[in-house]
Amino acid sequence: MDIEKSISATKKGFEESFASGDFYNKQTQDEQHLNAILDFLPIKPGMKILDLGTGSGYLAFPIARKYPDVSVIGLDIVEKTLENNQIRAEEENIKKLTFTAYSGIDFPFPDNEFDMVVSRYALHHFPKIQTSIAEVSRVLKEDGLFFISDPTPNDTDYDRFVDAYMQLKKDGHIKFYTVDEWKNICGQSGLRLIDSFSSSIRFPKKKDTAYGFDELLEKYDKDVIAGYDLEIIENEIYVTEKVNNLLFKRSEM
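As numbered in our numbering, the sequence shown has no gaps in its residue numbers, which increase by one up to the final residue, 265.
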């Protein structure tokens, strides 16, 4: 895999998505899920929290609003979007919310900096996932918490139709992970699963960005595809994906 090319594709795709606004919001926003996350996270006064792959600040802003005495930093590769986020934070007078750009690999923070790292619908784009999770562990304090919210393949999708489907849009999608895969990846960096809940997302994709969609349907088991409740409505393709919401704790290895 060409890491720089993958990061560049992700950056380009998401700068365009965030700039377009409405359709991306339709794809990813879910008030019920957002509230479930906010209720689930054990946030305490005085914490310092990193929102990894923050994008438009979907988690960072509501966390900062709900907990004004908590410091929140949103980290991402999308510089233009982060600049807009910072302007918005200043306009809303959210004093402890800032945004930082990085290369997509190494985090620009010292060791043991954060009480919690959170990430929603981002990690499937990370081309060096083991390195990124090692970075999460590095910047977390001992007993710090790491929250992942990310879609996962159906139990019967052994050939990973869902990944091939997501890769039809050239925005740097790498892979959705199962709970066991996350436990293995995180465990290698001293992160232990302590709590979880499940949710789902009904995800629309514009058919004119799904290059090779019809050919893809011929390559995979129809029962597996049916398990994602695939439906075409005019120029939009809809699938339902299960979502893992996992809370890990950092402990000394």
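Ideal Cβ positions, reconstructed from N, Cα and C, are used throughout, including at glycine. Since we're looking at a predicted model, the values are computed, not measured.
Which one of Asp-42, Thr-93, Phe-73, Ile-237 has the shortest CA to CA distance from Glu-166?
Your numbering for residue 166 matches position 154 in the sequence shown. Going by the sequence as given, residue 166 is Asn instead of Glu. When each option's Cα is compared against that of Asn-166, the closest is Ile-237.
Do you know how far the Cα of Leu-180 is from the Cα of Glu-193?
Here residue 193 corresponds to residue number 181 of the sequence shown, with the count starting at 1. Here residue 180 corresponds to residue number 168 of the sequence shown, with the count starting at 1. Approximately 23 Å between the Cα atoms of the pair.
Alpha helix (DSSP H) containing Lys-108: first to last residue?
Reading the sequence shown from its first residue, position 96 is the one you call residue 108. Taken as a continuous stretch (DSSP letters only), Lys-108 belongs to no alpha helix (DSSP H), as it is neither H nor E.
Measure the CB-CB distance between Arg-214 and Tyr-250 and report whether it falls below 8 Å.
Residue numbering aside, residue 214 sits at position 202 when the sequence shown is read from its first letter. Residue numbering aside, residue 250 sits at position 238 when the sequence shown is read from its first letter. Yes; because the gap between Cβ atoms is below 8 Å, this pair is in contact.
Check whether the region 127 to 135 touches the region 158 to 178, taking contact to mean three or more Cβ pairs, one atom from each stretch, closer than 8 Å.
Touching, per the Cβ criterion.
With C-beta atoms as the reference, is Gly-65 less than 8 Å away from Ala-146?
Indexing the sequence shown from 1 puts residue 65 at position 53. Indexing the sequence shown from 1 puts residue 146 at position 134. Their beta carbons are not under 8 Å apart, which means Gly-65 does not touch Ala-146 by this criterion.
Assign Pro-216 to one of three DSSP states: helix, strand, or coil.
Against the sequence shown, residue 216 aligns to sequence position 204. If DSSP states are grouped into helix, strand and coil, Pro-216 belongs with the strands.
Residues in the same chain with beta-carbon distance under 8 Å from Lys-107, minus the five sequence neighbours each way, listed in chain order, please.
In the sequence shown, residue 107 corresponds to position 95, counting from 1. Correct list, in chain order: Pro-80.
Whole angstroms are fine: how far does the CA of His-185 sit from the CA of Glu-28?
Position 16 of the sequence shown, counting from 1, holds the residue named residue 28. Position 173 of the sequence shown, counting from 1, holds the residue named residue 185. Looking at the two C-alpha atoms, the distance is approximately 15 Å.
Let me confirm a value: Lys-217 is counted as buried when at least 16 other C-beta atoms fall within 10 Å, else exposed. Which label applies?
Along the sequence shown, one-based indexing puts residue 217 at 205. By the neighbour-count rule (16 or more Cβ atoms within 10 Å), Lys-217 is buried.
Under 8 Å between the Cβ atoms of Ser-210 and Asn-247?
Looking up residue 210 in the sequence shown gives position 198. Looking up residue 247 in the sequence shown gives position 235. No, the pair does not count as a contact, with Cβ atoms beyond the cut-off.
Classify Gly-58: buried if its beta carbon has 16 or more other beta carbons within 10 angstroms, exposed otherwise.
The residue you call residue 58 lines up with position 46 of the sequence shown. Exposed, because fewer than 16 other Cβ atoms sit within 10 Å of the Cβ of Gly-58.
Decide yes or no for the touch test of the region 137 to 155 against the region 118 to 127: beta carbon pairs closer than 8 Å, at least 3 of them.
The answer is yes - the region 118 to 127 touches the region 137 to 155, with three or more Cβ pairs under 8 Å.
What is the residue span of the beta strand (DSSP E) that Met-128 lies within?
To locate residue 128, count along the sequence shown from 1; it is residue 116. Per DSSP, Met-128 belongs to the beta strand (DSSP E) from 126 to 132.
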